[in-house]
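Visitor:
Residue numbers (UniProt numbering): 1 to 149.
1. For residue 121, does the count of other Cβ atoms within 10 angstroms reach 16, so buried, or fall short, so exposed?
2. Comparing alpha-carbon positions, which option in 100, 124, 117 lies nearest residue 40?
3. Go ahead and label residue 102 buried or exposed: buried means 16 or more other beta carbons lie within 10 angstroms of its beta carbon, across all protein chains shown.
4. Does the separation of the CB atoms of residue 134 and residue 106 fall below 8 Å?
5. Between 45, 90, 96, 30, which has its C-alpha nearest residue 54's C-alpha?
6. Quick one: give me the first and last residue of the beta strand (DSSP E) that residue 122 is part of.
7. Within the continuous beta strand (DSSP E) that includes residue 62, where are the two ends?
8. Grouping DSSP H, G and I as helix and E and B as strand, with all else coil, what is residue 85?
9. With burial defined as no fewer than 16 other Cβ atoms inside 10 Å of the residue's Cβ, what is the status of residue 199: buried or exposed?
10. For residue 119, tell me which candidate among 97, 58, 94, 129 has the shortest Cα-Cα distance.
11. Any idea what DSSP makes of residue 26, helix, strand or coil?
12. Would you kindly work out how many angstroms separate the C-alpha atoms of residue 115 and residue 73, rounded to a whole number?
13. Taking just the CA atoms, how far does residue 14 sit from residue 104?
14. Along the chain, where does the beta strand (DSSP E) that runs through residue 110 open and close?
15. Between the alpha carbons of residue 67 and residue 80, how many angstroms are there, rounded?
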């Protein structure tokens with residue numbers, strides 16, 4: 001006799017439901033750069049994404065409350081001469097974000113509380129000539145800290 005076996009799974013009756021368009025981020029030109037790092041970073045105040053840009057690297061920082069269709073002219077953070085490879089928010093201050101680029105530099109940026117109203121081009125701190133493209137910020141920071149000891 002053949003018995004019908006039912007798989008026991010905790011996820012058998014779980015179904016996802018897509019959010020409404022006004023609760024999503026839409027029309028963002030995400031970077032086409034294929035790299036093993038994150039293309040976005042999120043904290044309680046902002047979401048940041050690396051975007052396609054001509055003439056260097058750029059990323060977009062959006063307040064969590066700004067959802068829906070994002071206009072193509074929305075201000076970006078642009079200061080690198082090469083493509084941005086990784087971005088990461090500071091764990092201690094939600095308004096501080098670091099960006100690493102193919103141009104061998106790391107830049108630290110301060111985002112205003114309400115988000116960007118105009119393009120941000122001047123970093124708070126700029127670390128240059130790091131002898132290699134900055135692929136993963138956390139790994140690069142640990143290397144720099146070990147050299148300073």
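By construction, the Cβ of each residue, glycine as well, lies at the ideal position given by its N, Cα and C atoms.
Guide: The answer reads as follows:
1. exposed
2. 100
3. buried
4. yes
5. 30
6. From DSSP, residue 122 is part of no beta strand (DSSP E); its letter is neither H nor E.
7. 57–63
8. strand
9. The shown model of the chain, from 1 to 149, leaves out residue 199, and the question about it has no answer.
10. 58
11. strand
12. 14 Å
13. 45 Å
14. 106–110
15. 27 Å
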